[in-house]
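Structure, rendered in structure tokens:
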């Protein structure tokens, strides 16, 4: 994509003349028809596009997009980083600046949403874990004319907002279906998020396999410590199982650590799956982990695209992004049936 100066240099004319022709703002200046046609033709050939920051400033905008992220994911998952990198790259391609704000508490978010926001930003992307207190604040911001796109998971996001969200149920649907295809029938599920549990249930139902409530193990955290604890309880229960369908890569890593601590030979391990294809799955699991891709980088790109449409008063729609299955050794090797 060429810049205005590159286009002018290519044609051997001033960039002021090129700007006036492309913006159809000649004023009192005159230009020959051949020169005008040459400028327009070469602009198309060189894929020239106006600098969005310059356009924004001409229209009274700031050329700055806000990205407010509530921390999501456990240590080592890099979920925040991957979202931020994708959003930052998408904005950089449009030559727009980024105003970044991380927060963990309702109070931090509400404090950031003050009057300065509308004076400093053209639009806002909300990402990460949703806050129940968001709804009223988002409505107030929108009433000021602030374009907003949400990637947060929450039923509290008001109707009418553009949302770009991962298909959470698809994660554990894909991994559970894969385990079923590998011959597993006694699949334990480590449960934190209801949507992911629903995906596990759907896969078993479609395969005609009954869900054993005793194999669904709840924890409030996605951490490796939670995975270790749930695996320990599972073995202590003496309930037979041949697979662990975890809701995070960290859960799966914790399960593997427990199996290693108990000196259970890997050939006797249950098949294990995770979620998010994080560095944990590839580098920190004892056995490379079958998992699903994180949807967050794609959500970030789509959120930026949707916000740009809002800024140009174009229609937008809410979207759901589906993950893909990544198969590795943790479900390929011949696992046994786990019991204490």
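Residue numbers (the numbering used here): 74 to 413.
C-beta atoms are modelled at their ideal positions from N, C-alpha and C, and glycine is treated no differently.
Being a predicted model, the structure only gives us computed values, none of them experimental.
A contact between stretches requires three or more CB pairs, one per stretch, nearer than 8 Å, and the region 350 to 363 fails this requirement with the region 380 to 391. When DSSP states are grouped into helix, strand and coil, residue 353 belongs to the helix group. Residue nearest to residue 182 within the set 312, 274, 200 and 258 is 200 (criterion: CA-CA distance). Nearest in C-alpha terms to residue 233, of all of 221, 318, 320 and 93, is 221. Relative to residue 254, the option among 93, 404, 78 and 79 whose CA is nearest is 404.
Pairing residue 307 with residue 330 gives a Cβ-Cβ distance that is not under 8 Å. Rounded to whole angstroms, residue 273 and residue 138 show a C-alpha spacing of 37 Å. Here residue 239 is bridged, per DSSP, to 394. Around the beta carbon of residue 144, fewer than 16 other beta carbons lie within 10 angstroms, which makes this residue exposed. Taking C-alpha positions only, residue 252 is separated from residue 372 by approximately 27 Å. Here the region 289 to 304 makes contact with the region 260 to 275; the two share three or more CB pairs at distances below 8 Å. Ranked by Cα distance from residue 320, the first of 110, 260 and 375 is 260. Scanning its chain for C-beta atoms nearer than 6 Å, with the 5 sequence neighbours on each side dropped, one finds around residue 401 the residues 361, 362 and 363, in chain order.
Bounds of any alpha helix (DSSP H) do not take in residue 290; it lies within the beta strand (DSSP E) bounded by 289 to 291. Ranked by Cα distance from residue 216, the options 302, 196 and 121 are led by 196.
In the DSSP assignment, residue 371 falls within the unbroken alpha helix (DSSP H) covering 369 to 384. Residue 169 carries a coil assignment under DSSP once its states are collapsed to helix, strand and coil.
If you compare the alpha carbons of 156, 258 and 105 with that of residue 279, the shortest gap goes to 258. If you draw a straight line from the Cα of residue 366 to the Cα of residue 337, it comes to about 29 Å. If only uninterrupted alpha helix (DSSP H) runs of at least 4 residues are considered, those enclosed by the region 264 to 290 are 267 to 279.
Closest option to residue 153, judged by alpha-carbon separation, among 177, 186 and 136: 177. In the structure shown, residue 312 adopts coil according to DSSP, grouped into three states. With a 10 Å radius around the Cβ and a threshold of 16 neighbouring Cβ atoms, residue 269 comes out buried. Using a 10 angstroms sphere on the CB of residue 159, the tally of other CB atoms reaches 16 or more, which defines it as buried.
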